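Written out below as structure tokens is the structure these notes cover.
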Ligand code: SF4
Ligand code: SF4
């Protein structure tokens, strides 16, 4: 059913626009004065000095997780590199010394200039090896050259913190069963 | 005032003094400060802080140093010239916009007597004649840019400025009829005194409709929001100055601010009594006018108490600044008009209103003189 929208027919005073314009100017001037004397309503955050905390689920710079025994969790399955829409993950796989694990990455690089921080890599990873919860975002640089270093070698960088082991593994922990991989 | 003793040299020196003092110090200074004030002003209106990062050491002065930082940035940037068949025209255009905007200040009386750079008896006509040259700068710049956005902006600007030129001229005709002159100094002298000892005999009280029309049309001619269809960031990238960078851009931007100052000064002269201080002193204007009428180019400021002259110049500057403030408030309050709305407003509302105002003024003047 069609809804009849009643059109506003402003009177001549409103249509002349002068009164309405003055009303608007009163509002802006009031705001100007409030902020000029006392800065009451200013919402600007002076960014580099004052920061607001990122939301808990913000996607920041990537980090690679480690196992409890400090090995890299990543098994070089290439799922993240495949999922990545900007093709910025470079992984070179190597054989693992640990007989339980088939492969480990020998290099794991992400070109942060290409990365769009979509989080697909994090989603794709079957081992919870790559996370974007570091809370650090890639910093801008003044020159293009400096950005060449934007490719971060996550392995050499090491993981900033050791993630608590999640998912299935944690459940085993609680049951008191020891998984074969731990305890070297 | 005797500066050297040689009358010819005196005239030249005094003119130069006025030129530097008014046009370069006040007008240019004001335009430069406006680049900062406008950003700060709009920021506070929108609950932001505005520019405050430019600093020397730890001294920031609330962003005042942006006035210095901006020109440095502009000067060191690349002066890009687009691939155009008319690179010279492209370079010339900003100057064609900038120079007329400055020249018109010559006829503005900023104080009594000879405190006017060029005492022209065609005053306001000169301002219109030179002021409308401004459009050439914008149009030629737009055309020489060899860019369709610029061209669209240029087309719009020529249409808009020509239409509003008509309305602004007609809106001021009432003032000329009342004060019987187009000489700005004479108009200011005519605004001396008060009605019934309360209301100053200012143009704004004699011609309130004309004041609103003047302000609206002048802002439209200056192509600033709410009439910024020529720049129209949301439609035309940046309109006629899309291709400008570096100092070319700075000149265009600065000429816009100079016009803001011009609208303020002209409005103060025509509608707010110029340098007249209401209630305080009456008849000083007449005295100054007499001195001027006798054709003494070398000013007789000694006839005035010097502090009175200073107070009157200050009064003029304050009135101009109030109008500049009003323009900034309008610019940051009202939403912009669509292009067809601008044209309709100009031809179908502003122009008829100005004409009706003219007729009413004429009838009123006739009765006033009869009875
Ligand atoms: S966040 Fe997206 S773009 Fe960046 S590395 Fe991961 S998958 Fe690639
Ligand atoms: S980070 Fe995860 S998805 Fe990427 S290669 Fe390693 S295990 Fe596979």
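Chains as they are written, first to last, in the numbering used here: chain A, 53 to 236; chain B, 151 to 521. For glycine and all other residues, C-beta sits at the position ideal for the given N, C-alpha and C. Please read these numbers as outputs of a predicted model, since none were measured by experiment.
Rounded to whole angstroms, what is the Cα-Cα separation between residue i and residue j?
{"i": "residue 486(B)", "j": "residue 64(A)", "result": "21 Å"}
{"i": "residue 141(A)", "j": "residue 127(A)", "result": "14 Å"}
{"i": "residue 105(A)", "j": "residue 93(A)", "result": "21 Å"}
{"i": "residue 324(B)", "j": "residue 425(B)", "result": "20 Å"}
{"i": "residue 89(A)", "j": "residue 82(A)", "result": "11 Å"}
{"i": "residue 235(B)", "j": "residue 294(B)", "result": "7 Å"}
{"i": "residue 399(B)", "j": "residue 299(B)", "result": "16 Å"}
{"i": "residue 333(B)", "j": "residue 416(B)", "result": "12 Å"}
{"i": "residue 492(B)", "j": "residue 174(B)", "result": "34 Å"}
{"i": "residue 507(B)", "j": "residue 358(B)", "result": "10 Å"}
{"i": "residue 98(A)", "j": "residue 194(B)", "result": "15 Å"}
{"i": "residue 147(A)", "j": "residue 130(A)", "result": "14 Å"}
{"i": "residue 161(B)", "j": "residue 170(B)", "result": "14 Å"}
{"i": "residue 479(B)", "j": "residue 75(A)", "result": "12 Å"}
{"i": "residue 308(B)", "j": "residue 512(B)", "result": "31 Å"}
{"i": "residue 450(B)", "j": "residue 338(B)", "result": "No answer about residue 450(B) holds up, because its pLDDT of 46 lies below 50 and its placement is not dependable."}
{"i": "residue 180(B)", "j": "residue 191(A)", "result": "39 Å"}
{"i": "residue 67(A)", "j": "residue 245(B)", "result": "40 Å"}
{"i": "residue 144(A)", "j": "residue 122(A)", "result": "20 Å"}
{"i": "residue 133(A)", "j": "residue 172(A)", "result": "9 Å"}
{"i": "residue 197(B)", "j": "residue 85(A)", "result": "11 Å"}
{"i": "residue 139(A)", "j": "residue 165(A)", "result": "11 Å"}
{"i": "residue 414(B)", "j": "residue 405(B)", "result": "14 Å"}
{"i": "residue 355(B)", "j": "residue 421(B)", "result": "8 Å"}
{"i": "residue 187(B)", "j": "residue 73(A)", "result": "22 Å"}
{"i": "residue 313(B)", "j": "residue 409(B)", "result": "18 Å"}
{"i": "residue 340(B)", "j": "residue 381(B)", "result": "39 Å"}
{"i": "residue 517(B)", "j": "residue 509(B)", "result": "13 Å"}
{"i": "residue 192(B)", "j": "residue 203(B)", "result": "17 Å"}
{"i": "residue 185(B)", "j": "residue 174(A)", "result": "47 Å"}
{"i": "residue 163(B)", "j": "residue 256(B)", "result": "15 Å"}
{"i": "residue 459(B)", "j": "residue 242(B)", "result": "40 Å"}
{"i": "residue 286(B)", "j": "residue 182(B)", "result": "23 Å"}
By a C-beta neighbour count over all protein chains shown, 10 Å radius and 16 as the cutoff for buried, is residue i buried or exposed?
{"i": "residue 209(B)", "result": "exposed"}
{"i": "residue 233(B)", "result": "exposed"}
{"i": "residue 362(B)", "result": "buried"}
{"i": "residue 152(A)", "result": "exposed"}
{"i": "residue 117(A)", "result": "buried"}
{"i": "residue 377(B)", "result": "buried"}
{"i": "residue 158(A)", "result": "exposed"}
{"i": "residue 373(B)", "result": "buried"}
{"i": "residue 53(A)", "result": "exposed"}
{"i": "residue 370(B)", "result": "buried"}
{"i": "residue 114(B)", "result": "The first residue shown for chain B is 151 and the last is 521, placing residue 114(B) beyond what the model contains."}
{"i": "residue 254(B)", "result": "buried"}
{"i": "residue 329(B)", "result": "buried"}
{"i": "residue 227(B)", "result": "exposed"}
{"i": "residue 87(A)", "result": "buried"}
{"i": "residue 271(B)", "result": "exposed"}
{"i": "residue 345(B)", "result": "exposed"}
{"i": "residue 160(A)", "result": "buried"}
{"i": "residue 297(B)", "result": "buried"}
{"i": "residue 107(A)", "result": "exposed"}
{"i": "residue 124(A)", "result": "buried"}
At least one CB of chain E closer than 8 Å to the CB of residue i: is that the case?
{"i": "residue 63(A)", "result": "No chain E appears in the structure shown, which is made up of the protein chains A and B."}
Tell me whether residue i counts as near ligand 3, meaning its Cβ is closer than 7 Å to at least one heavy atom of that ligand.
{"i": "residue 172(A)", "result": "Questions concerning ligand 3 fall outside what the structure shown contains, since the ligands it does hold are ligand 1 and ligand 2."}
What are the residues in the region 116-134 of chain A lying within 8 Å of chain B by C-beta distance?
none
Test item, CB below 6 Å from any non-hydrogen atom of ligand 2
126(A), 127(A), 128(A), 129(A), 130(A), 131(A), 132(A), 143(A), 176(A), 177(A), 179(A), 181(A) and 182(A)
What are the residues in the region 480-505 of chain B lying within 7 Å of chain A by C-beta distance?
In summary, the residues of the region 480-505 of chain B whose CB is separated from some CB of chain A by less than 7 Å are 480, 482, 483 and 484, in the order they occur in the chain.
Taking the runs of the alpha helix (DSSP H) that are 4 residues or longer, which of them lie wholly in the region 242-301 of chain B?
273-281 and 284-294
Chain B contacts from the region 76-87 of chain A (Cβ-Cβ distance under 8 Å)
76, 77, 79, 80, 81, 83, 84 and 87
Which of the residues in the region 358-372 of chain B, read from start to end, lie with their CB under 7 Å from any CB of chain A?
362
If you scan the region 64-120 of chain A from start to end, which runs of the alpha helix (DSSP H) of 4 or more residues do you find wholly inside it?
Within the region 64-120 of chain A, the complete alpha helix (DSSP H) runs of at least 4 residues fall at 64-68 and 70-88.
If the cut-off is 7 Å on Cβ atoms, which residues from the region 183-203 of chain B count as contacting chain A, listed in chain order?
191, 194, 195, 197, 198 and 199
Counting only runs of 4+ residues fully inside the region 319-387 of chain B, write out the alpha helix (DSSP H) ranges in chain order.
334-340, 353-356, 358-371 and 383-386
Under 7 Å (Cβ pairs) to chain B, residues found in the region 87-117 of chain A:
87, 88, 93, 94, 95 and 96
Just list the alpha helix (DSSP H) runs in the region 154-192 of chain B, keeping only unbroken ones of 4 residues or longer that don't cross its boundaries, in chain order.
If we require 4 residues or more, the alpha helix (DSSP H) runs fully inside the region 154-192 of chain B come out as 157-168.
Any chance you could list the alpha helix (DSSP H) runs of at least 4 consecutive residues sitting entirely within the region 152-181 of chain A, in chain order?
With a minimum length of 4 residues, the continuous alpha helix (DSSP H) runs that stay inside the region 152-181 of chain A are 172-176.
Given a limit of 9 Å on CB to CB distance, which residues of the region 134-160 of chain A reach chain B?
none
Which runs of the alpha helix (DSSP H) spanning at least 4 residues fall entirely within the region 204-237 of chain B, listed in chain order?
216-226
Any chance you could list the alpha helix (DSSP H) runs of at least 4 consecutive residues sitting entirely within the region 467-500 of chain B, in chain order?
489-494
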